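In terms of our numbering, the sequence shown is residues 611 to 871. Shown next, in C-alpha cells, is the structure this report addresses.
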Amino acid sequence: MTILRTDGITMRFGGVVAVNNLQIEINEHEIVALIGPNGAGKTTAFNMITGVYTPTSGNVIYTDAAGNDVQITGKKPSAIAKLGIARTFQNIRLFKELSVYENVMIAKHLHLKSDFMSAALHLPHYNAEQRQAEAEVEELLKKVNLWDLREEKAFSLPYGQQRHLEIVRALATKPKLLLLDEPAAGMNPKETDELTEFISQIRDEYNLTIFMIEHHMDLVMGISDRIYVLDFGQTIASGTPLEIQNNERVIAAYLGVEEDA
Ligand SMILES: Nc1ncnc2c1ncn2[C@@H]1O[C@H](COP(=O)(O)OP(=O)(O)O)[C@@H](O)[C@H]1O
Ligand SMILES: [Mg+2]
Numbered sequence: 611m612t613i614l615r616t617d618g619i620t621m622r623f624g625g626v627v628a629v630n631n632l633q634i635e636i637n638e639h640e641i642v643a644l645i646g647p648n649g650a651g652k653t654t655a656f657n658m659i660t661g662v663y664t665p666t667s668g669n670v671i672y673t674d675a676a677g678n679d680v681q682i683t684g685k686k687p688s689a690i691a692k693l694g695i696a697r698t699f700q701n702i703r704l705f706k707e708l709s710v711y712e713n714v715m716i717a718k719h720l721h722l723k724s725d726f727m728s729a730a731l732h733l734p735h736y737n738a739e740q741r742q743a744e745a746e747v748e749e750l751l752k753k754v755n756l757w758d759l760r761e762e763k764a765f766s767l768p769y770g771q772q773r774h775l776e777i778v779r780a781l782a783t784k785p786k787l788l789l790l791d792e793p794a795a796g797m798n799p800k801e802t803d804e805l806t807e808f809i810s811q812i813r814d815e816y817n818l819t820i821f822m823i824e825h826h827m828d829l830v831m832g833i834s835d836r837i838y839v840l841d842f843g844q845t846i847a848s849g850t851p852l853e854i855q856n857n858e859r860v861i862a863a864y865l866g867v868e869e870d871a
C-alpha cells in the first residue's frame, strides 16, 4: 500500500527550478533512497514533503493511519509531523549542551498536544501525559542502546552517535514515515556500516517506511528497496539498486562528481 505520493511537485526559487515535476511513490515498509549530485534538488524535495516549502505546483498525498489519502501540500510542518511524518536534517540540530535524555524528551514534548498553560498549571491530564512520555522515552533509549548514555551531553558523544541520536529524536514522535537527509554525512566506513544496520533495525522494530537522501553508495545500494535519481531538479532514473547501478544516465550524471562531495 502507498504511504506517500508526490504528484508532479515543482519548486521554483526566482528563476531557478530546484525540483521539476517530481513524481514519487513510496510503499509502506519500503526503504527508498533519493540520490543525485549536490544541488540536484533532494533537500528541496524533502522540504516540500515536510511543509517547509509549499510547492510552486503539484501535490503531496499521504495515506494516514486510517488508510485515508490526505493532501498535505502546503500544510504546516507541525501538522504534517502529527500525521506521522518525521525527518532529520542534513546538518546536526541537537541541543548540544543538553543531555541525550533531554534531547529526546524535548522532541517528544514539542510533538505532544499539551499546551503551555496546562503544563504550567500541572493539570491532571498533563501529569499523566508526562509520565507516559517518560516511560516511552526510557523504552526507546533502551531499545536503541542509548540508555546508559542518557546523562551525557549531546556534544560529548562520538560523531556517529550524535547522528544516531538525531534519528532517535525523530523516532520519539512515533512516525510512520521517516525522512533522513544524508544520515551518514561525515561518517567513516565503520560508522556508516553501523548506521546501515541501525536503519534496517528501526525499520523492522517500529514498522517504519524510510525515505532517505544519501551519498554513501554502499549504504544506499545495501539497504534500499528502490532508488530515485535527481539531477538538476529532474528525475533521471528510478528502479532497484541493480538497475540504478547499470543506468547510463546515472553513470553520466555522477561522472566527475566525487562521492560524498
Ligand atoms: N531557499 C532557497 N532559495 C533559493 N534557492 C534555493 C533554496 N533552497 C535551495 N535552493 C536551490 O535549489 C537547488 C537545489 O538545492 P537542494 O535541494 O539543497 O539540493 P541538494 O539537497 O540535492 O544538494 C540549488 O540550486 C539551490 O541553490
Ligand atoms: Mg541537500
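All C-beta atoms, glycine included, are put in the ideal place defined by N, C-alpha and C. It should be emphasised that the depicted structure is a prediction, and the values quoted were computed from it without experimental measurement.
Return the CA-CA distance between residue i and residue j, expressed in angstroms with no decimal places.
i      : j      : result
Glu698 : Ala764 : The question names Glu, but residue 698 is Thr in the sequence shown. Distance between the alpha carbons of Thr698 and Ala764 is about 16 angstroms.
Val626 : Glu746 : 44 angstroms
Gln873 : Val710 : This structure leaves residue 873 out entirely; the chain is present only between 611 and 871.
Thr653 : Asp791 : 7 angstroms
Ile809 : Leu781 : 11 angstroms
Thr666 : Arg622 : 6 angstroms
Ala871 : Tyr736 : Caution is warranted here: a pLDDT of 46 is assigned to Ala871, below 50, making its placement in the model unreliable, and the coordinate value is therefore given only provisionally. Roughly 47 angstroms separates the two Cα atoms.
Ala795 : Leu704 : 15 angstroms
Thr664 : Ile641 : 25 angstroms
Val662 : Asn713 : 22 angstroms
Thr850 : Ala628 : 25 angstroms
Ile861 : Glu635 : 23 angstroms
Considering only C-alpha positions, which residue in the set the options is nearest to residue i?
i      : options                        : result
Leu614 : Ile812, Gly625, Ala696         : Ala696
Ile833 : Leu840, Ser709, Glu824         : Glu824
Asn669 : Ala676, Val662, Met658, Ala675 : Met658
Ile671 : Leu632, Phe705, Lys718, Met715 : Leu632
His721 : Leu750, Leu733, Pro687         : Pro687
Thr806 : Leu789, Met831, Leu708         : Met831
Thr819 : Glu739, Ile619, Ala643         : Ala643
Ile777 : Asn648, Leu756, Ser766         : Leu756
Regarding residue i and ligand 2, is the C-beta to nearest heavy atom distance less than 6 angstroms?
i      : result
Thr653 : yes
Gln873 : Because residue 873 is not part of the residues shown, which for the chain are 611 to 871, the question remains open.
Gln844 : no
When the distance is taken between beta carbons, is residue j closer than 7 angstroms to residue i?
i      : j      : result
Asn678 : Gln844 : no
Asp835 : Gly646 : no
Thr612 : Asn637 : yes
Gly770 : Glu801 : yes
Arg779 : Ala689 : no
Could you check if residue i belongs to the surroundings of ligand 1, using beta carbon to heavy atom distance under 6 angstroms?
i      : result
Asn713 : no
Gly661 : no
Asn631 : no
Asn648 : yes
Ala863 : no
Please list the terminal residues of the continuous beta strand (DSSP E) segment that includes residue i.
i      : result
Ser810 : First-last for Ser810: 799-815, but that is the alpha helix (DSSP H), not the beta strand (DSSP E).
Asp841 : 836-841
Arg615 : 612-623
Please report the residue range of the alpha helix (DSSP H) in which residue i lies.
i      : result
Gly832 : 827-833
Tyr672 : Taken as a continuous stretch (DSSP letters only), Tyr672 belongs to no alpha helix (DSSP H), being part of the beta strand (DSSP E) at 667-673.
Determine, using beta carbons only, whether residue i comes closer than 7 angstroms to chain D.
i      : result
Leu632 : You won't find chain D in this structure, because it holds only one protein chain.
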